[in-house]
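Under full-length UniProt numbering, the first residue of the sequence shown carries the number 1, and numbering increases by one thereafter.
Heads up, the thing below is written out as C-alpha coordinates.
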Amino acid sequence: MPNRFAALTPEGDITRREEGHFSHRMGGFGAHEVIIETPSHNTPMALMSYEQVEKVLIAYQERYNALKKNRQLKFITIFKNQGWASGTSLAHPHSQLVATPIMTPYYRRRFDIAMDYYA
(Lines of atoms letter the chains of each structure in order from A; the text may use other names.)
(Lines give C-alpha, C1' and ligand atoms only; values in the text may rest on other atoms or scores of the structure.)
Protein backbone atom coordinates (compact mmCIF):
# COMPACT_ATOMS: atom_id res chain seq x y z
CA MET A 1 0.00 0.00 0.00
CA PRO A 2 1.25 3.55 -0.60
CA ASN A 3 2.88 5.24 2.37
CA ARG A 4 0.71 8.02 3.86
CA PHE A 5 3.90 9.96 4.60
CA ALA A 6 5.72 9.07 1.37
CA ALA A 7 9.09 10.65 0.70
CA LEU A 8 8.73 9.75 -3.00
CA THR A 9 5.79 9.52 -5.41
CA PRO A 10 5.31 8.28 -8.99
CA GLU A 11 4.18 11.81 -9.89
CA GLY A 12 7.41 13.40 -8.61
CA ASP A 13 9.80 15.29 -10.87
CA ILE A 14 12.74 13.23 -12.17
CA THR A 15 14.59 16.22 -13.66
CA ARG A 16 18.07 16.69 -12.20
CA ARG A 17 19.05 20.33 -11.61
CA GLU A 18 22.41 21.79 -10.65
CA GLU A 19 22.53 23.41 -7.27
CA GLY A 20 25.83 25.16 -6.73
CA HIS A 21 29.13 23.77 -7.95
CA PHE A 22 29.09 20.42 -6.17
CA SER A 23 25.55 19.14 -5.96
CA HIS A 24 22.44 18.39 -7.92
CA ARG A 25 18.82 18.39 -6.90
CA MET A 26 15.95 16.19 -7.99
CA GLY A 27 12.27 16.09 -7.20
CA GLY A 28 10.69 13.31 -5.20
CA PHE A 29 10.13 10.80 -8.00
CA GLY A 30 9.97 7.15 -6.99
CA ALA A 31 7.92 4.79 -4.88
CA HIS A 32 7.49 4.59 -1.12
CA GLU A 33 5.23 1.79 0.07
CA VAL A 34 4.24 0.12 3.31
CA ILE A 35 4.02 -3.68 3.47
CA ILE A 36 1.69 -4.75 6.28
CA GLU A 37 3.07 -8.06 7.55
CA THR A 38 0.19 -9.51 9.53
CA PRO A 39 -3.44 -8.79 10.38
CA SER A 40 -2.48 -9.22 14.05
CA HIS A 41 -1.60 -5.86 15.55
CA ASN A 42 0.96 -7.08 18.10
CA THR A 43 2.73 -10.01 16.44
CA PRO A 44 6.37 -9.29 15.59
CA MET A 45 7.97 -11.23 12.74
CA ALA A 46 9.96 -13.32 15.23
CA LEU A 47 6.70 -14.79 16.54
CA MET A 48 5.02 -15.37 13.18
CA SER A 49 4.57 -18.86 11.77
CA TYR A 50 6.82 -19.97 8.92
CA GLU A 51 3.81 -19.66 6.61
CA GLN A 52 3.21 -16.04 7.66
CA VAL A 53 6.87 -15.14 7.17
CA GLU A 54 6.78 -16.81 3.75
CA LYS A 55 3.79 -14.64 2.78
CA VAL A 56 5.70 -11.51 3.80
CA LEU A 57 8.73 -12.56 1.75
CA ILE A 58 6.50 -13.30 -1.25
CA ALA A 59 4.93 -9.83 -0.88
CA TYR A 60 8.45 -8.32 -0.90
CA GLN A 61 9.28 -10.26 -4.05
CA GLU A 62 6.05 -9.35 -5.83
CA ARG A 63 6.39 -5.62 -5.12
CA TYR A 64 10.09 -5.66 -6.04
CA ASN A 65 9.39 -7.44 -9.34
CA ALA A 66 6.52 -5.08 -10.17
CA LEU A 67 8.63 -1.97 -9.57
CA LYS A 68 11.74 -3.22 -11.36
CA LYS A 69 9.71 -3.16 -14.60
CA ASN A 70 9.81 0.65 -14.40
CA ARG A 71 13.06 1.52 -16.19
CA GLN A 72 13.20 4.91 -14.48
CA LEU A 73 13.72 3.23 -11.10
CA LYS A 74 17.35 2.25 -10.53
CA PHE A 75 17.42 1.22 -6.86
CA ILE A 76 14.86 -0.63 -4.74
CA THR A 77 15.34 -1.35 -1.06
CA ILE A 78 13.09 -3.00 1.50
CA PHE A 79 13.55 -2.44 5.21
CA LYS A 80 11.77 -3.51 8.35
CA ASN A 81 10.26 -1.22 10.97
CA GLN A 82 9.35 -2.47 14.41
CA GLY A 83 8.01 -0.36 17.23
CA TRP A 84 7.99 3.34 17.96
CA ALA A 85 11.73 3.43 18.70
CA SER A 86 12.44 2.77 15.01
CA GLY A 87 10.89 6.12 14.14
CA THR A 88 7.83 4.59 12.57
CA SER A 89 4.40 6.18 12.54
CA LEU A 90 2.74 2.73 12.78
CA ALA A 91 2.85 0.39 15.76
CA HIS A 92 1.53 -2.42 13.55
CA PRO A 93 4.30 -4.78 12.26
CA HIS A 94 5.33 -3.58 8.81
CA SER A 95 8.14 -3.07 6.35
CA GLN A 96 8.75 -0.30 3.85
CA LEU A 97 9.84 -0.36 0.24
CA VAL A 98 11.61 2.61 -1.33
CA ALA A 99 12.45 2.81 -5.03
CA THR A 100 14.51 5.68 -6.46
CA PRO A 101 15.73 6.80 -9.90
CA ILE A 102 19.35 6.80 -8.71
CA MET A 103 21.68 4.40 -6.95
CA THR A 104 23.97 6.06 -4.42
CA PRO A 105 27.74 5.59 -4.88
CA TYR A 106 27.83 3.48 -1.70
CA TYR A 107 25.28 0.98 -2.98
CA ARG A 108 26.72 1.09 -6.51
CA ARG A 109 30.07 -0.03 -5.06
CA ARG A 110 28.45 -2.76 -2.94
CA PHE A 111 26.55 -3.96 -6.01
CA ASP A 112 29.72 -4.03 -8.12
CA ILE A 113 31.58 -6.02 -5.44
CA ALA A 114 28.75 -8.56 -5.26
CA MET A 115 28.64 -8.87 -9.05
CA ASP A 116 32.41 -9.45 -9.20
CA TYR A 117 32.25 -12.03 -6.42
CA TYR A 118 29.40 -14.04 -7.92
CA ALA A 119 30.50 -13.72 -11.57
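By construction, the Cβ of each residue, glycine as well, lies at the ideal position given by its N, Cα and C atoms.
### Task
Could you tell me if the beta carbon of Gly28 falls within a distance shorter than 7 Å of some heavy atom in the ligand FAD?
For the ligand FAD, the structure offers nothing, since it holds no ligand at all.
### Coarse secondary structure for Lys68, derived from DSSP in three states
It is helical.
### Message
Looking at the secondary structure, which residues open and close the beta strand (DSSP E) in which Ala31 lies?
### Response
31–36
### Message
Which of the three DSSP states is assigned to Arg4 in this structure?
### Response
coil
### Query
Between Phe75 and Leu57, what straight-line distance do the alpha-carbon atoms span, to the nearest angstrom?
18 Å
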